[in-house]
Amino acid sequence: MVKDEPGYHRYETPRRSGINGLRTLPQRPFAATVVQKKHVGLYMMALYEDPSIMNNMPQILHERWKGKASLKFTDEDDPALEYVQLLFEAAIESCRRRGILSTPSP
């Protein structure tokens, strides 16, 4: 967690070592939740970089997908919220495939 304030939480990927002697790669935004006037926004950089993450997501999440990298929720009892964990798992897997996150050691 990089930022944790009332109504705003932001997570970033860890700093990574450079490859083949290149400089260290910086942290990257991963996800943020922001409480706004009429909704709570979930912003995910992985969706912007790899929109195919949504290909296997339930239709109810597609209905909340706004713009290139955000989902908007207006009700705390929204049935789409039960699929957010699935979305995070797909985003993490996408980041691993693209070398942004490493696979944890067993």
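The numbering of the sequence shown is the numbering used here, which starts it at 615 and goes up by one.
Where a beta carbon is used, it is the ideal one built from N, C-alpha and C, also for glycine.
It should be emphasised that the depicted structure is a prediction, and the values quoted were computed from it without experimental measurement.
Contact check for MET668 against PRO643 fails: the beta carbons are separated by 7 Å or more. Of the residues assessed, ILE674 falls on the exposed side of the cut-off, its CB having fewer than 16 other CB atoms within 10 angstroms.
Listed in chain order, the non-local C-beta contacts of LEU656 below 6 Å within the same chain comprise THR647 and LEU685, local neighbours out to five positions each way being set aside.
Less than 7 Å divides the Cβ of GLY621 from the Cβ of VAL649. For the pair TYR662 and ALA683, the CB atoms are nearer than the 7 Å cut-off. In the structure shown, SER708 falls within a helical segment according to DSSP collapsed to helix, strand and coil.
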